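The sequence shown: position 19 = 265 (the working numbering), numbered continuously.
Report on the following structure.
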Amino acid sequence: LSHSPLGFVATMDAQGRVDVSPKGDPAGFVQIIDERTIAIPERPGNKRVDGYLNLLERPRVGTLFVIPGRGDTLRINGSARIMADADYFDAMTVQGKRPILALEIAVEEVFFHCAKAFLRSDAWQPERWDPTAVPSAAQLVKMIYAQADLDELRKALDEENMREILY
């Protein structure tokens, strides 16, 4: 867990609709509070709070953590609560920014998945990637919202621009 820079948190609303949200920071971003408790920092993002709203109805989560280049993944399941502040928030500071919230998980189940899915998909093989095969995020938004300005969308969704506002 201390080597993973990327995880996914799954929640479910009262109607059974599932939401999965990616969480990423430098490796080790998940705080291990004790043998049975971890905390995942919440950073500014797309301003969607679906997962947090779900937790108010059903405080259960399933998580999946990856380490780039490795095929095996770590799953942690349990009950969760939303924290507005805690002693460990300072330890989750990145680039001088404390998290705005944290998801504290009471761990009930931990297990590994084998590497077969990553081996089948060649997900870690850059020579298999074709970024031009799919329209850019700006192009997709333009397809949905015809009135949107494509140049403005490209600027807003540009990786360099997004890196400036990560924290």
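No residue lacks a Cβ here, since even glycine has one placed at the ideal position from N, Cα and C.
Everything numeric in this text was worked out from a predicted model, so none of it was measured.
Point to revise | Glu281: first and last residue of the uninterrupted beta strand (DSSP E) it sits in | key: From DSSP, Glu281 is part of no beta strand (DSSP E); its letter is neither H nor E.
Review point. Does the stretch 253-263 come within contact of the stretch 303-316, defined as at least 3 CB pairs closer than 8 Å?
Key: yes
Point to revise | Sequence-distant residues of the same chain with beta carbon closer than 7 Å to Ala352, five excluded per side | key: Arg282, Thr283, Gly324 and Ser325
Practice item. Give the single residue among Leu301, Gly274, Ile278 and Ala337 whose Cα lies nearest to the Cα of Val266. Key: Leu301
Review point. Identify the residues that DSSP records as bridge partners of Ser325: which are they?
Key: Arg306 and Ala352
Point to revise | Same chain, Cβ closer than 6 Å to Glu355, five either side skipped, listed in chain order | key: Asn323
Review point. Start and end of the alpha helix (DSSP H) containing Lys362?
Key: Lys362 to Ser367
Review point. What residue range is occupied by the uninterrupted beta strand (DSSP E) comprising Ala256?
Key: Leu252 to Met258
**Study point:** Proximity of Ala348 and Phe335 at Cβ, strictly below 9 Å
**Key:** yes
Practice item. Excluding the 5 residues preceding and the 5 following Asp249 in the sequence, name in chain order all residues of the same chain whose CB lies nearer than 6 Å to its CB. Key: A small correction: the amino acid at residue 249 is His; Asp does not occupy that position in the sequence shown. For His249, where only same-chain residues beyond five positions count, the Cβ hits under 6 Å are Ala273 and Ile313.
Point to revise | Pairwise C-alpha distance: Thr319 and Val264 | key: 20 Å
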